[in-house]
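Data block below; observations after.
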Amino acid sequence: MSRVEKFLTAEEEQEIVQAIVDAEKNTSGEIRVHLEPHTKKDLLDRAKEVFHSLKMDNTKEENGVLIYVAVNDKKFAIYGDRGIDKVVPEDFWDTTRDTIASHFKDGRFKQGLIEGILNAGKELERHFPWQHGDVNELSNEISKN
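Residue 20 in UniProt numbering sits at position 20 of the sequence shown, with consecutive numbering throughout.
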């Protein structure tokens, strides 16, 4: 079993997926979590690549948010598409990163991811409220390499 597989239990993964469902309930925005063992690339560059490979740049309102985790490196990045990046407060990505990091430092990976997801969900709801006819455009499952 790889470190990616050991990073979260199956139960923790389901709690994270439920947090994504809850965060997306009142918004047209899309949130994903991606785990992989390691990256040799700049963290944000790799997050952007994964964002594109997961087709997160195909959302109608450009309002996808990816939380990318390089498990073995003990590093993560948050990448938001153009639509969300344009409208969030200037310090939003930093404060969300700091929230996740404070939990990660203490080994509370599930809690860090859930709080990051819920923070993103609140901002998405504020700027991209759910409207009749909105559909879930992307999977809520955690993706892994």
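Don't be surprised by glycine CBs; every beta carbon is placed ideally from N, CA and C. Values in this document were obtained by computation on a predicted structure and should not be read as measured data.
Inset, instruction - List the DSSP bridge partners of Phe7. - result: Phe7 pairs with nothing; no bridge assigned.
Inset, instruction - Could you pull out every residue in the same chain whose Cβ sits closer than 8 Å to the Cβ of Asn136, ignoring the five residues on either side in sequence? - result: Glu24, Glu30
Inset, instruction - Just mark Arg126 as buried or exposed, buried being the case when its beta carbon has 16 or more other beta carbons within 10 Å. - result: exposed
Inset, instruction - Measure the alpha-carbon distance for Arg97 versus Gly133 and round it to whole angstroms. - result: 32 Å
Inset, instruction - Kindly identify the DSSP beta-bridge partner or partners of Gly64. - result: Glu30
Legend entry - First through last residue of the alpha helix (DSSP H) which encompasses Ile117: 109 to 127
Legend entry - Residue burial classification, Gln111 (beta-carbon count within 10 angstroms, cutoff 16): buried
Inset, instruction - Report yes or no: do three or more beta-carbon pairs, one from the segment 61 to 76 and one from the segment 99 to 119, lie closer than 8 Å? - result: yes
Inset, instruction - Starting from Leu35, follow its DSSP beta bridges and name the residues at the other end. - result: Val69, Lys144
Legend entry - First through last residue of the beta strand (DSSP E) which encompasses Asn55: According to the sequence provided, residue 55 is Lys. The question's Asn does not apply to it. Taken as a continuous stretch (DSSP letters only), Lys55 belongs to no beta strand (DSSP E), as it is neither H nor E.
Legend entry - Ala77 - partner residues in DSSP beta bridges: Tyr68
Inset, instruction - For my contact list, His38 and Asp73 are in at a C-beta cut-off of 8 Å; report their separation, rounded to the angstrom. - result: 6 Å
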